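Asker: Protein chains in written order, with the working numbering: chain A, 5 to 253; chain B, 102 to 435; chain C, 2 to 304. We put the CB at the ideal spot given by N, CA and C, even for glycine. Given the structure is predicted, the values throughout are model-derived calculations rather than measurements. Just passing along the structure, written as structure tokens.
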Amino acid sequence: MSDILLRGNDITRRWGGLVAVDRVSIALARGQVHAVIGTNGAGKSTLINILSGEIPPSSGRVELLGQDVTAWPQPKRARAGLGRSYQRTTIYPQFTVLENCRLSAQSRVQQPWAWWRDAQREEQSGSAARDAAARAGLSQVLDRPAGLLSHGQKRQLEIAMCLATAPQVLLLDEPLAGMGAEETDRMLALLAELRAGHAILLVEHDMDAVFRIADRITVMVNGAVIASGGPDAVRNDPEVQAAYLGSHE
Amino acid sequence: MDDTRSRLAFVVLAFGALALWPLAAGSYGLDLVTKIMVYAIFALSLELLVGTTGLVCFGQAAFFGIGAYAAVLMSPADAPASALWLLPLAALAAGLYALAVGALSLRTQGVYFIMVTLAFAQMAYYVVHDTPLGGGTDGIYLMMKPTLLGLDLDAPFVIYGVTLGTLAGVFVLLALIKRSPFGRALAGIKANEQRMRATGFSTYPYKLAAFTLSGALAGVAGFLFAVKDGFVNPELMSWHFSGAVLIMIILGGLGHLRGALVGAFAFALLQEFFKSEAIFGAFAKHWHLGLGLTIIASVALLPRGLVGLPAQWKQRLTGRRSAPAVALVEAGHE
Amino acid sequence: MRGRVGKPCPMDLATFLIQCLNALQYGLLLFLVASGLTLIFGIMGVINLAHGSFYMIGAYMAYALAPIVGSTFGGGFFATLFVGLVLSVILGYVLEWVFFSYLYEREHLQQVLMTYGLILVFEELRSLIVGDDVHGVQPPPWLSGTLALGEVMTYPVYRLFISAVCIALALGMYAVLTRTRLGMMIRAGSANREMVQSLGIDISFLYRVVFAAGVAIAVMAGMLAAPVSSVYPGMGNSVLIVCFVVVVIGGIGSIRGALLAAMLIGIVDTFGKVFVPQAAGVGVYLLMALILLWRPQGLFKAA
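Here's what the structure looks like:
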């Protein structure tokens, strides 16, 4: 068993009387793609927001690389190696693709006091940006304003911006949203490539893709985990079939 | 890039014209342009906040006023002070208030931020207006103007030159800051703060630093204003002045340093125009009406301000429909 | 009563009561004006700097309309109020139609600046129509008396009248918003504009009604306040900024929050002026600073 990079212990989140996440535990190990699936309203987005640090849990712990980060705000977790992509494309549309990645890479070498330096000539952030863009397949469009990219390219940029920060853990929120077959294949190939060096959490609705790429699957219904294990085990789990897979395309 | 060169050319020409202006201008013209240059420094300070970082501050006049009052209150009564220490002190005073206001205001966002900055500026206004500290509504006179390296800042040519030099210095400083890692981070915060945080930037310290620097620069403008006029009163901190400087940068063109320059000139000239009895006769005392209508029209019709006009015209003339692309690129650069 | 260091306490019971009543009246008036502001922002998403101008317009209306109403209809105070109400609804309706409806989709900065331009326009129009002088307005004779408090002190009946009217209007607003179909549509429209439109409800008309109501409330407040605050050019701006503090403390869109915040400010301002006269204007802002330290999102979330 490879090392656990991100662990969520007994995470619960209440909004008033509603329990959005109900005592969910999850472990992300290096070299694994761990998918979280569930119907709408199952609590997947809330869970990912708690793990990334955007929402505090009502109770429970989050551990990143062995440290208790439950009280850490998102930027601090990001600097410690936690990368996140969003379901709704969260890029800088006015900047070029390269600048999108470079600014993300700059988070590792912020140097805010160096007011005389030209940021776009900085070696470190520049080369990290090019590498990340290349891995995501965007080397041809480095100079294009990000707002003018196709939808699929924008989703790739989401990932590239994550990679530019050299994270160890990747929290990916529906990276395949709105993608056609060819783009999906490309993205899955990228994820397979990334698998070796990272611990990846994948929230997705595309069941085919999930079963192709995931090493472990956690199924959530109404905020609670109803099954968690390898793809075959989950596929054959009667509870999962009843609650979810049977009625889902 | 052709774009960058034309911008550089514009800036060089503008400063060249300003440098040559004293040769052609009478004393009124000299005084007017000195005042406009002070406004331009003030506008540049706000451009860092609004145009670069996306923080709409409606209380910038407080920092301007503090710089001005500091110049007067910290000047010794018996001998002229040296601007070499008086100016940084005034900037420091303004910067400290900005630090305090920013620390509290930046805990809010959006409309709240606008309202809170306005309220804190009003607080400063009340302090000088109602307490003996600031000499009340009558204001205070600066009896002994400071000197700079032996030069008497009372002389119109000297104060013009010093203001021009300061304007150029602030312009270059902000241009450097905008392209620096810090400046790019501010631009990122404006473009998508969520993504900045997700990437690992703690955005609050960045915003606070920008707010404080912006306040200090506004204090520099206030200092120069006090030295030029030799008189300060609470109206320097009024929210009308905060509104005026916001209009300057919108009118000129948000997101561009030269927009602050152009906007300051345009606004001051508009004011002179509407106040002119030669043109409007007795109606001139109602100049706020013309100004108000112009503000409404320019915000509605000139979304990219005056510096955006050439691009707007070019699109019309060439009929090119690449408007979104141009808008995207325009917004992202410089 | 003795205070610190053997000095006599600055207040006896009657004075304390008077200041409480003053705080109540000021707070209620402030609430009225602020509720229009917060309603318009909460429902239409427009920040309107010219809201204070409506208050000023109301006060000048009270001054300018009274003789006209008196000579034309022979009416008195209430007739003037009624005419002012009708005029303000028309003003609000037309303004929304001609100007504000274009602001809904714009960024806050643009709204701020355009409504700032509007303030300047209103001020000059007032200057042209009525002039820049400061005026006093007399309350109606039957409200001009005083009420006895204890043996020595008295309190103006008119101020109690203001408080009563404000409370009545506040209750009326509450009733409309929570008990009527119109109120339900308004609240739904603020939460989900498209949904309300697809239900066949004319959202533009709804917004126009809300805006006109907001204007009318502010104008009414100005008309009511005229006898106690006198009528002067800068009154709109002063009330606007304090309204902003009310909204920041109380939370945007929350009527409950606006009420609580306005009462708090009424107390702080009134008693602040008594105990620390030099720092009077500043007290309200210090309160705001404290709240920001403690609860930056305001005291209540949006209704």
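(1) In angstroms with no decimal places, state the Cα-to-Cα distance between Ile15/A and Phe312/B.
(2) Please state whether DSSP places Glu253/A in a helix, a strand or coil.
(3) DSSP on Phe381/B, reduced to helix/strand/coil?
(4) Spatial neighbours of Thr50/A within its chain, please: C-beta separation below 6 Å, excluding the five flanking residues on both sides.
(5) Please go through the same chain and pick out, in chain order, the residues whose beta-carbon is closer than 7 Å to the beta-carbon of Leu195/A, but skip the five residues on each side of it.
(6) Please report how far the alpha carbon of Ala303/C lies from the alpha carbon of Tyr286/C, in whole angstroms.
(7) Within the continuous alpha helix (DSSP H) that includes Gly173/C, where are the two ends?
(8) Where Ala217/C and Gly75/C are concerned, what is the direct C-alpha to C-alpha distance, given to the nearest angstrom?
(9) In angstroms with no decimal places, state the Cα-to-Cα distance between Ala369/B and Gly236/B.
(10) Beta-carbon of His109/C versus every beta-carbon of chain B: anything under 8 Å?
(11) Mind checking whether Thr135/B and Lys291/B have CB atoms under 8 Å apart?
(12) Quick one: what does DSSP say Leu32/A is sitting in, helix, strand or coil?
(13) Under a CB-based cut-off of 8 Å, is His357/B close to chain C?
(14) Between Tyr227/B, Val157/B, Met216/B, which has its C-alpha nearest Pro335/B's C-alpha?
(15) Quick one: what's got a C-beta closer than 7 Å to Gln26/C's C-beta in the same chain, skipping five residues either side?
(16) If you draw a straight line from the alpha carbon of Ala171/C to that of Phe375/B, how long is it in whole angstroms?
(17) Report the residue ranges of all alpha helix (DSSP H) runs contained in full by the segment 110-161 of chain A; include only those spanning at least 4 residues, in chain order.
(18) Can you say whether Thr179/C is buried or exposed, counting buried as having 16 or more other CB atoms within 10 angstroms of its CB?
(19) Does DSSP put Tyr96/A in a helix, a strand or coil?
(20) Only counting the same chain, and skipping five residues up and downstream in sequence, which positions put a Cβ closer than 7 Å to that of Val408/B?
(21) Here's a check: name, in chain order, each residue in its chain whose Cβ is nearer than 6 Å to the Cβ of Ser315/B, leaving out the five neighbours to either side.
(22) By how many angstroms is the C-alpha of Arg139/A removed from the C-alpha of Arg190/A?
(23) If we require 4 or more residues per run, which alpha helix (DSSP H) segments fall completely within the segment 326-393 of chain B?
(24) Do you know how far the Cα of Pro60/A is from the Cα of Gln71/A?
(25) Considering Cα atoms alone, identify which of Tyr156/C, Leu148/C, Ser205/C is closest to Gln20/C.
(26) With the cut-off set at 8 Å, would you say Ala204/B and Ile167/B are in Cβ contact?
(27) What are the complete alpha helix (DSSP H) segments, minimum 4 residues, inside the segment 216-256 of chain B?
(28) CB Ala150/A to CB Ile221/A, shorter than 8 Å?
(29) Would you call Val273/B buried or exposed, if buried means 16 or more other Cβ atoms sit within 10 Å of its Cβ?
(30) Give the straight-line distance between the Cα atoms of Val177/C and Met186/C, rounded to the nearest whole angstrom.
(31) At 7 Å on the CB atoms, spell out the chain B contacts of Thr169/A, in chain order.
(32) Quick check: the segment 149-163 of chain A against the segment 172-190 of chain A, are there 3 or more CB pairs under 8 Å?
(33) What did DSSP end up calling Ala311/B once you bin it into helix, strand or coil?
(34) Please list, in chain order, the chain B residues whose beta carbon lies closer than 7 Å to that of Thr307/A.
(35) According to a CB-to-CB cut-off of less than 7 Å, which residues of the segment 198-211 of chain B neighbour chain C?
(36) Is Gly132/C buried or exposed, if buried means 16 or more other CB atoms sit within 10 Å of its CB?
Answerer: If we stick to the structure as given:
(1) As a working note, residue 15/A is residue 11 in the first sequence. As a working note, residue 312/B is residue 211 in the second sequence. Roughly 38 Å between the two C-alpha positions.
(2) Here residue 253/A is taken as the residue at index 249 of the first sequence, counted from 1. Low confidence applies here, because Glu253/A scores a pLDDT of 47, under 50, leaving its location unreliable and the question unanswered by this model.
(3) Start at 1 with the first residue of the second sequence, and residue 381/B comes out as number 280. The answer is helix: DSSP assigns Phe381/B an H, G or I state.
(4) Counting from 1 along the first sequence, the entry for residue 50/A is found at position 46. Once the five neighbours on either side are set aside, the close Cβ partners of Thr50/A are Arg17, Ala24, Val25.
(5) Working through the first sequence from its first residue, we reach residue 195/A at position 191. Excluding residues within five positions, the ones whose Cβ falls inside 7 Å are Val37, Ile204, Ile217.
(6) Residue numbering aside, residue 303/C sits at position 302 when the third sequence is read from its first letter. Residue numbering aside, residue 286/C sits at position 285 when the third sequence is read from its first letter. Residue placement at Ala303/C is poorly supported in this model, since its pLDDT is 47, which falls under 50; the coordinates still yield a value, given next. Cα to Cα, the separation comes out at about 22 Å.
(7) Counting from 1 along the third sequence, the entry for residue 173/C is found at position 172. Where Gly173/C is concerned, the enclosing alpha helix (DSSP H) starts and stops at 158-180.
(8) To locate residue 217/C, count along the third sequence from 1; it is residue 216. To locate residue 75/C, count along the third sequence from 1; it is residue 74. One C-alpha to the other measures close to 23 Å.
(9) One-based indexing of the second sequence puts residue 369/B at position 268. One-based indexing of the second sequence puts residue 236/B at position 135. A straight-line Cα-Cα distance of about 28 Å links Ala369/B and Gly236/B.
(10) In the third sequence, counting from the first residue as 1, residue 109/C sits at position 108. So yes, His109/C belongs to the interface.
(11) As a first step, residue 135/B must be located in the second sequence, where it is residue number 34. As a first step, residue 291/B must be located in the second sequence, where it is residue number 190. It is not a contact, given that the beta carbons lie outside the stated cut-off.
(12) The residue you call residue 32/A lines up with position 28 of the first sequence. Strand at Leu32/A.
(13) Position 256 of the second sequence, counted from the start, is the residue given in the question as residue 357/B. By this cut-off, His357/B is not an interface position.
(14) In the second sequence, residue 335/B corresponds to position 234, counting from 1. Comparing Cα positions, the closest option is Tyr227/B.
(15) Against the third sequence, residue 26/C aligns to sequence position 25. Here the set comprises Arg160, Ile163, Ser164.
(16) Locating residue 171/C in the third sequence gives position 170, where the first residue counts as 1. Locating residue 375/B in the second sequence gives position 274, where the first residue counts as 1. So the alpha carbons of these two residues sit roughly 43 Å apart.
(17) With a minimum length of 4 residues, the unbroken runs of alpha helix (DSSP H) contained wholly in the segment 110-161 of chain A fall at 127-139.
(18) Here the question's residue 179/C lines up with position 178 in the third sequence. It counts as exposed.
(19) As a first step, residue 96/A is located in the first sequence; it is residue number 92 there, counting from the start. Three-state DSSP puts Tyr96/A in coil, outside helix and strand.
(20) By 1-based counting over the second sequence, the position of residue 408/B is 307. Gly353, Gly354, His357, Arg359, Gly360, Val363, listed in sequence order.
(21) As a working note, residue 315/B is residue 214 in the second sequence. Here the set comprises Ser146, Leu149, Leu150.
(22) Reading the first sequence from its first residue, position 186 is the one you call residue 190/A. Reading the first sequence from its first residue, position 135 is the one you call residue 139/A. Taking the straight line joining both Cα atoms gives about 11 Å.
(23) 340-353, 358-376, 378-381
(24) What you label residue 71/A is simply residue 67 of the first sequence in a count that begins at 1. What you label residue 60/A is simply residue 56 of the first sequence in a count that begins at 1. So the two alpha carbons sit approximately 16 Å from each other.
(25) By one-based count along the third sequence, residue 20/C stands at place 19. Of Tyr156/C, Leu148/C, Ser205/C, the residue nearest in Cα terms is Tyr156/C.
(26) Taking the second sequence and counting its residues from 1, the one referred to as residue 204/B is at position 103. Taking the second sequence and counting its residues from 1, the one referred to as residue 167/B is at position 66. Taking 8 Å as the Cβ cut-off, Ala204/B and Ile167/B do not qualify as a contacting pair.
(27) none
(28) Counting from 1 along the first sequence, the entry for residue 150/A is found at position 146. Counting from 1 along the first sequence, the entry for residue 221/A is found at position 217. No; because the gap between Cβ atoms is not below 8 Å, this pair is not in contact.
(29) Your numbering for residue 273/B matches position 172 in the second sequence. Label assigned to Val273/B: exposed.
(30) For the purposes of this step, residue 177/C is taken as the residue at position 176 of the third sequence. For the purposes of this step, residue 186/C is taken as the residue at position 185 of the third sequence. So the alpha carbons of these two residues sit roughly 11 Å apart.
(31) Numbered from 1 along the first sequence, position 165 holds the residue referred to as residue 169/A. Within chain B, the residues near Thr169/A are Thr300, Gly301.
(32) yes
(33) Mapped onto the second sequence, residue 311/B falls at position 210. Helix, per DSSP.
(34) Residue 307/A is absent from the model: chain A starts at 5 and stops at 253.
(35) Residues are counted here when their Cβ sits less than 7 Å from a Cβ of chain C; for the segment 198-211 of chain B these are Leu205, Arg208, Thr209, Gly211, given in chain order.
(36) Numbered from 1 along the third sequence, position 131 holds the residue referred to as residue 132/C. By the neighbour-count rule (16 or more Cβ atoms within 10 Å), Gly132/C is not buried but exposed.
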